[in-house]
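Notes follow the structure.
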Amino acid sequence: MCAFCGSTSNVEVHHIDGFEEHAEPRNLIWACRRCNTRIGVVMARVGIGRRTRQMNPQAQGAKSLGQWLTAVLSMKGESDAMPPAAAVEMIHATPPERRSEFARKIWEIRRRRGTDRRS
Ligand SMILES: [Zn+2]
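Each step along the sequence shown adds one to the number in numbering that gives the first Met the number 0, with nothing skipped, and position 49 is 48.
Dropping the structure here:
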């Protein structure tokens, strides 16, 4: 299930910090092709990935669905609420179990609103 939108179609592994050689579990997240592509565009625009600095190991993971959504929308270029680098660090620092929990909640909200059929 895509951790960014809850979709279950065309889900692939996404490298949170943009480095494909960083294959440790905390750097991997499930993302649908649509979110993966959109995030790739934003990351390229702000220079995260190839030329990025080190991750901040003290970064706080998302504590609520609201924080998670703010980070996700910022990473997808749909919100200016957080700089993309800070959003990447927050998502990176969020434990995998909590990512899945947020993804399920996002999907439930979309299904209730009927927006799951749009993508
Ligand atoms: Zn998605």
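C-beta atoms are modelled at their ideal positions from N, C-alpha and C, and glycine is treated no differently.
query: Euclidean distance between Cα positions of F18 and E107; result: 31 Å
query: Member of I90, T7, K75 and C34 whose CA lies at the smallest distance from the CA of A61; result: I90
query: Straight-line Cα distance separating I38 from R50; result: Because the pLDDT of R50 is 46, which lies under 50, any placement of that residue in the model is unreliable, and the number read from its coordinates should be weighed accordingly. Their Cα atoms are separated by approximately 16 Å.
query: CA-to-CA distance, S78 to L72, given in whole angstroms; result: 5 Å
query: Counterpart residues of L72 in DSSP-defined beta bridges; result: Answer is none; L72 lacks a bridge partner.
query: Helix, strand or coil at I11 according to DSSP, with G and I counted as helix; result: This sequence places Glu at residue 11; Ile is not what is there. Strand at E11.
query: At least 3 beta-carbon pairs within less than 8 Å: the stretch 89-105 vs the stretch 24-41; result: yes
query: Heavy atoms of ligand 1 versus C-beta positions, residues under 6 Å; result: C1, F3, C4, S6, A30, C31, R33 and C34
query: C-beta neighbour in chain B for R97, strict 8 Å; result: The structure shown contains no chain B; it holds only a single protein chain.
query: Of the listed residues A2, R112, E96 and P82, nearest to V45 (C-alpha basis); result: P82
query: Exposure of G65, with buried meaning 16 or more beta-carbon neighbours within 10 Å; result: exposed
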